[in-house]
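Enquirer: Residue numbers (the working numbering), protein chains in the order written: chain A, 1 to 495; chain B, 1 to 217.
(1) With a threshold of 16 other CB atoms inside 10 Å of the CB of residue 182 (chain A), please say whether the residue is buried or exposed.
(2) Please state whether DSSP places residue 187 (chain A) in a helix, a strand or coil.
(3) Determine whether the beta carbon atoms of residue 163 (chain A) and residue 111 (chain A) lie at a separation below 7 Å.
(4) Got a sec? Which residues, its chain only, sit under 7 Å from residue 86 (chain B) by beta carbon, not counting five neighbours each side?
(5) Touch check for the stretch 300–310 of chain A and the stretch 37–53 of chain B: three-plus C-beta pairs under 8 Å?
(6) Should residue 371 (chain A) and residue 384 (chain A) be called a contact, given that it needs their Cβ atoms to be closer than 7 Å?
(7) Return the chain-ordered list of same chain residues with a C-beta closer than 7 Å to the C-beta of residue 139 (chain B), the five sequence neighbours on each side being excluded.
(8) Compute the Euclidean distance between the alpha carbons of residue 102 (chain B) and residue 256 (chain A), then round it to the nearest angstrom.
(9) Could you pull the start and end residues of the alpha helix (DSSP H) that residue 131 (chain B) belongs to?
(10) Where does the unbroken alpha helix (DSSP H) through residue 80 (chain B) begin, and where does it stop?
(11) Please state the DSSP three-state secondary structure of residue 57 (chain B).
(12) For the alpha helix (DSSP H) that residue 102 (chain B) lies in, which residues bound it at each end?
(13) Go ahead and pull the three-state DSSP assignment for residue 369 (chain A).
(14) So is residue 476 (chain A) buried or exposed if we call it buried at 16+ other beta carbons inside 10 Å?
(15) At a Cβ cut of 9 Å, what residues of the stretch 97–108 of chain B count as close to chain A, listed as they run along the chain?
(16) How far does the alpha helix (DSSP H) with residue 234 (chain A) in it extend, from its first residue to its last?
(17) The beta strand (DSSP E) that contains residue 259 (chain B), what's its start and end?
(18) Once DSSP output is grouped into helix, strand and coil, what is the label at residue 146 (chain B)?
(19) Can you confirm whether residue 438 (chain A), when its beta carbon is compared against all beta carbons of chain B, has any partner nearer than 7 Å?
(20) Counting only Cβ pairs nearer than 7 Å, list the residues of chain A close to residue 149 (chain B).
(21) Would you mind telling me which residues of chain B sit closer than 7 Å to residue 271 (chain A), beta carbon to beta carbon, in chain order?
(22) Quick check on the DSSP output: the alpha helix (DSSP H) that includes residue 353 (chain A) runs from which residue to which?
(23) Taking C-beta pairs closer than 8 Å, name the residues in chain A that residue 15 (chain B) reaches, listed in chain order.
(24) What residues match up with residue 226 (chain B) in a beta bridge as DSSP calls it?
(25) Since residue 84 (chain A) and residue 68 (chain A) are thought to touch, with beta carbons under 8 Å apart, how far apart are those beta carbons, to the nearest angstrom?
(26) Is the number of C-beta pairs between the stretch 241–250 of chain A and the stretch 205–221 of chain A that are closer than 8 Å three or more?
(27) According to DSSP, which residues form a beta bridge with residue 127 (chain B)?
(28) DSSP beta-bridge partners for residue 189 (chain B)?
(29) Going by CA-CA distance only, name the one from A:230, A:231 and A:216 that's closest to residue 224 (chain A).
(30) Please classify residue 9 (chain A) as buried or exposed, where buried requires at least 16 other C-beta atoms within 10 Å of its C-beta.
(31) Under 9 Å Cβ-Cβ, which residues of chain B neighbour residue 303 (chain A)?
(32) Taking residue 206 (chain B) as the reference, which of B:12, B:76, B:166 and B:172 has the closest Cα?
(33) Kindly indicate if chain A contains any beta-carbon less than 7 Å away from that of residue 19 (chain B).
(34) Excluding the 5 residues flanking residue 136 (chain B) on each side, which residues of the same chain have their C-beta closer than 6 Å to its C-beta?
(35) Does DSSP put residue 207 (chain A) in a helix, a strand or coil?
(36) Just the Cα atoms here: how many angstroms apart are residue 132 (chain B) and residue 351 (chain A)?
See below:
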C-alpha cells in the first residue's frame, strides 16, 4: 500500500535514518568502549605474566627445579631463591583501577606440567588451571589469553615446564558496560523521540506552502481569475511551482477575457441590427401607414436581417475554425485559386470601375483546403474593392521562393494608419473612422477569419500600409511540389 | 421640443428621427462624432439621444466636452450593456441610459421624463388655471373639455407651459420648435402664438413688446 502523504513519508524516512544513525552511533560507542576495556585488561594481564616470568627468571634453573620438585621443603633451599619464590607477586601498580573488592585484584597461579598448582597469589580462586598450554610455545614471553566467564586470564610457559597464569575478575567491567549500554539506549531513544518530533514539525513547515498554494488555487475560479499566489516570502523551490501556476492562471485569465470579449463583441454587433428591426417594426405598428411606408419598413428589416445573417455566418466560420479545424486537404494551385476568386468578385468591382491586374507565376502549389483558402483571397479582395476609390487599380501577385508560396494584394485605397495595423486582424476590430457599416459592409471578422485559416495552414498574413497611399496584404504558405494527384488526400500536414 | 439624435447606423438614425418627429419633436441628426459635438454645442436642444460607438469622436468624449458649456439632457442609447458601461455613462453626466435593442415606447417615455426633469416639472399633467396639459397623451383640455391642436401648436403650448413664470423670447421658441430642416421665417412663431390664443383663450400668453412672451403660473 503506497502512502500518499508526503509528510508521513518524509517522517518515516526521517525516522529510519535517524534511528540508524543514533543506534549505529550507540552501538559503535559500546563496541569501542568494551573492546578498549578488554584490551586494557589483556595488556594488564600480559604484563603481569611477564613480570612473574621475569621474577622467576632470577631463580637459577637447578634451584628452581628443586624448588618445585614434589616433596621439596621450603626451608631447605637457598634463602635467596626461596625468598623470591615466597614473595612472588603481581605488583600493585597493575591494580591501578579503583578496586571495589578484593576479587578485582589480579591473581596468579603457577602450575607444573601436570597441571598441579605450585604457587598461587593470595587471592586464589577455585578455578581449574589451564594445564598444558597448547600449542606449547618456546618463547617464554608468549602470552595466551582466555576468557572464562567473568574472569579473564593470561598464561605463558614458565621455566621447567611450568605454566604461569595471571587472571582478573572482570564482572565489574561487564556491569559498567551494561550500564553504558543502558545509558546509550536511553539517550538514543530520547534523541530519536526529540528528532522525530522536530522532524514532524519541520516537515510540516516544509509542506505548508503546498497547502497555501492549494488553498489559493482553490479560490481561483472562473469568476475570480485575477487572484495570484503570493510568492514574496516563499522558498525558491515553491516559488517556482507557484510561478508556474501563476503563469497558467495568467494564460487562463487572458483566454477567458478573450472569450468573454468575443462574446460581448458578438452580442454588441447583433444589438444594432436588432435595434433597427425592433425600432422600425414598432414605428410601423404605432399607427396606420401607407403601403410605401410598410415597404420601406420591410426593406429596412431585410437589410438588418442580412447583416445579422452575415455576422452569424462569420461567427460560425470562426467557431468552426476554433473548435474543429479539419480542412479537406488537397494540392492547390495558388494562381488558379486567385483567378477564381477575382472572377467571382468582378461584379463588385465593375460598378466602381476598379481594374484588377494580375501577375501570376506558374505552378505555385500549396496544400490546403480549397474553400478556406479561396475565402481568404475573397475576403482580402472584397476589402480592397470596398475601400478603393472609383476608377483605381488593384494588383494581385502570386510568386514563390524555394519553400514559400506568396500572394500579394496591393490596392490604392486610403490605406491604414499605423496605429491600426497591428490590430486589424483582431476579432471585431474596426477602424473608428470606418464604422459606418453601410459603406464598408463588414462584420469586423473578415480579417480574423483570414488569420485563423492561415494559422491552420501554417501560413502567415501580414499587412503594410502608408496612410493615404493604399495598402498591401501578403499571405505566405508552405510551398509544395506539383503533385499529379490533385484529389483530396487525408494527409494532414499540421498534426 | 427639439432633439438631437446621434447614431452612426443610418437605418436606426432614420427610424429614430421619424419616431421622434411623429411624437411632435423637432429633430436634428448627426451620424458621426465631430458634427454631433458641433451641433450639440451650437444648437439649443431640449434633449440629446447619443450613441457611444461613433466614428471620429465617441459618445463619451462628446458628452464630456458638451458638459463644459451645456446642461442639455443627454440619453445614452447604446449597445454597451455592462454595468460598468452604464455607471461610466451616467457618471460622465448623462441623464439617462438605455441599452439597445430598446422599446420605442420606453425610449419616448424616458425622453419625456428627461425633459420634464430638466424643466423642473414633476407632474406629467401641467395645470394652469382651467387648462390641463397632459404631456404624455399630448392633449390640452379646458375645464375637462379637450381642445383640438395641431402637433406644432401642441408643442408650442407645452414649451410655454414648461417655461411658465418666465419670459420666453421668439428666438427661443423658434429654436425649440423647428429643426434644421425647417427654413421658415421666424415670424411663423407669431402665427402659432395667435392660433393658440384663439384656441386656449387670449390670456394664456401675454406679449411683452420687444422682449417676447410671458406665461403666468
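All C-beta atoms, glycine included, are put in the ideal place defined by N, C-alpha and C.
Expert: Walking through what the data contain:
(1) Residue burial annotation: residue 182 (chain A) is exposed, with fewer than 16 other C-beta atoms found within 10 angstroms of its C-beta.
(2) Looking at residue 187 (chain A) - three-state DSSP - the assignment turns out to be helix.
(3) Yes, the pair counts as a contact, with Cβ atoms nearer than the cut-off.
(4) Hits under 7 Å: 97.
(5) Put simply, the stretch 300–310 of chain A does not touch the stretch 37–53 of chain B. Fewer than three CB pairs are less than 8 Å apart.
(6) Against a cut-off of 7 Å, the Cβ pair of residue 384 (chain A) and residue 371 (chain A) comes out as no contact.
(7) Closer than 7 Å at Cβ, skipping near neighbours: 146.
(8) Each residue's Cα considered, the two are about 29 Å apart.
(9) From DSSP, residue 131 (chain B) is part of no alpha helix (DSSP H) but of the beta strand (DSSP E) over 131–134.
(10) Where residue 80 (chain B) is concerned, there is no enclosing alpha helix (DSSP H), given that its DSSP letter is neither H nor E.
(11) Looking at residue 57 (chain B) - three-state DSSP - the assignment turns out to be coil, as it is neither helix nor strand.
(12) Secondary structure note for residue 102 (chain B): it is in no alpha helix (DSSP H), with a DSSP letter that is neither H nor E.
(13) The answer is strand: DSSP assigns residue 369 (chain A) an E or B state.
(14) The residue in question, residue 476 (chain A), is buried, as its Cβ has 16 or more Cβ neighbours within 10 Å.
(15) If the cut-off is 9 Å between Cβ atoms, the stretch 97–108 of chain B has 99, 100, 101, 102, 103, 104, 105 and 107 near chain A.
(16) Taken as a continuous stretch (DSSP letters only), residue 234 (chain A) belongs to no alpha helix (DSSP H), as it is neither H nor E.
(17) This structure leaves residue 259 (chain B) out entirely; chain B is present only between 1 and 217.
(18) Strand, per DSSP.
(19) Bear in mind that a pLDDT of 44 at residue 438 (chain A), under 50, signals an unreliable position, so the number given afterwards is only what the model happens to contain. Residue 438 (chain A) counts as touching chain B.
(20) For residue 149 (chain B), no chain A residue has a C-beta closer than 7 Å to its own C-beta; the minimum C-beta separation is roughly 18 Å.
(21) Within 7 Å Cβ-Cβ: 79, 100 and 101.
(22) No alpha helix (DSSP H) holds residue 353 (chain A); DSSP gives it neither H nor E.
(23) Correct list: 276, 279, 280, 283 and 300.
(24) Not covered by the structure: residue 226 (chain B). The range shown for chain B is 1 to 217.
(25) Not quite, the Cβ-Cβ distance comes to about 13 Å (not below 8 Å), so this is no contact.
(26) Segments in contact, yes.
(27) Paired residue(s): B:132.
(28) Under DSSP, residue 189 (chain B) takes part in no beta bridge, so it has no partner.
(29) Measuring from the Cα of residue 224 (chain A), the nearest candidate turns out to be A:216.
(30) Classified as exposed, residue 9 (chain A) has fewer than 16 neighbouring CB atoms from the shown chains inside 10 Å of its CB.
(31) Chain B residues near residue 303 (chain A): 11.
(32) The shortest C-alpha separation from residue 206 (chain B) is found at B:166.
(33) By this cut-off, residue 19 (chain B) is an interface position.
(34) Excluding sequence neighbours, residue 136 (chain B) sits near 124.
(35) The DSSP-derived three-state label of residue 207 (chain A) is helix.
(36) When rounded, the distance between both Cα atoms is 59 Å.
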